[in-house]
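In terms of my numbering, the sequence shown opens at residue 3 and continues consecutively.
Right, one structure below, let's go through it.
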Amino acid sequence: MEKRKYTLRKRAETAGETRQRIVEATMALHEELGPRLTTISAIAERAGVQRLTVYRHFEDETALFQACTSCWLERHPPPPTPTPPPTATGAARPAEALTRDGLLMLYRYYAGTRRMWEVSYRDVDLVPALHGPMQALEAYLAAYRDALLAVWPRPDASALRATLWLAVRFTTWRTLADQGLDDGAMASLVARWAKAASAPKSGPGES
């Protein structure tokens, strides 16, 4: 009986190791080639297994992507949604400064994970298995935007909401980074945009 338990445990450990090799291979190929160009054959070759072994562990591409996404996010967790920190005097920090700090955290995250987001945004419309992970990212960014919005005196201002939605997006960060701005400079710049957008307007079209 003990021998059988040992054998079953070893088989489970081996299966777990094989599964992890497949996930590791998938993550590496996604970052190198992008999800659209990553084939099951390439994953199997990188992992050192047969194609059938990949399908034995993952019933379809969606299941494989879910495992890959979970593992990747465990290693590259996005920053938590920002909250206004307490101050020693009890006085609230300016909304512009809080917005800058929140954006700086997000922009540093983008800087450290740029390649994976580039290929994911590039391929999302062509790879159905990417839709779930990217929808989850959209929900996270919406929550991040709302957390930044909440520190402003007029969080219902439509121009401010639109500006902060633009501010948290990877494509905005990449555009500014490609212009040579560092993360701190672009966070300060976009926080100033938010301050301008928060100003009351007397004309139509603004809350």
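All C-beta atoms in this analysis are idealised placements derived from N, C-alpha and C, irrespective of residue type, glycine included.
Quantities reported herein were computed from a predicted structural model and do not represent experimental measurements.
ask   = If we ignore side chains and look at the alpha-carbon of each, how far apart do Leu143 and Arg171 end up?
value = Along the sequence shown, read from residue 1 onward, the residue named residue 143 stands at position 141. Along the sequence shown, read from residue 1 onward, the residue named residue 171 stands at position 169. The straight-line gap separating the alpha-carbon atoms of Leu143 and Arg171 is approximately 7 angstroms.
ask   = Got a sec, what are the start and stop residues for the alpha helix (DSSP H) Leu211 sits in?
value = Nothing can be reported for residue 211, as the shown portion of the chain is limited to 3 through 209.
Span of the alpha helix (DSSP H) around Ala169 = For the purposes of this step, residue 169 is identified with residue 167 of the sequence shown, where counting begins at 1. Residues 160-169.
key: Inter-residue spacing [alpha-carbon to alpha-carbon] between Ala164 and Pro130   = Here residue 164 refers to the residue found at position 162 when the sequence shown is read from its first residue. Here residue 130 refers to the residue found at position 128 when the sequence shown is read from its first residue. When the Cα atoms are used, Ala164 and Pro130 turn out to be separated by approximately 28 angstroms.
query = Hey, Trp119 and Tyr112: beta-carbon distance below 8 angstroms or not?
reply = Reading the sequence shown from its first residue, position 117 is the one you call residue 119. Reading the sequence shown from its first residue, position 110 is the one you call residue 112. Between Trp119 and Tyr112, the gap from beta carbon to beta carbon is short of 8 angstroms.
task = Please look up how many angstroms separate the CB atoms of Ala30 and Thr85, rounded, as I've assumed it's under 8 angstroms.
result = Counted from its first residue, the sequence shown places residue 30 at position 28. Counted from its first residue, the sequence shown places residue 85 at position 83. Not really, about 35 angstroms apart at Cβ, beyond 8 angstroms.
inquiry  = I need the straight-line Cα distance from Arg53 to Arg147, nearest angstrom please.
reply    = The sequence position of residue 53 within the sequence shown is 51, counting from 1. The sequence position of residue 147 within the sequence shown is 145, counting from 1. Each residue's alpha carbon lies about 42 angstroms from the other.
ask   = How would you call His32, buried or exposed, if buried means at least 16 neighbouring beta carbons within 10 angstroms?
value = Looking up residue 32 in the sequence shown gives position 30. Buried, since its Cβ has 16 or more Cβ neighbours within 10 Å.
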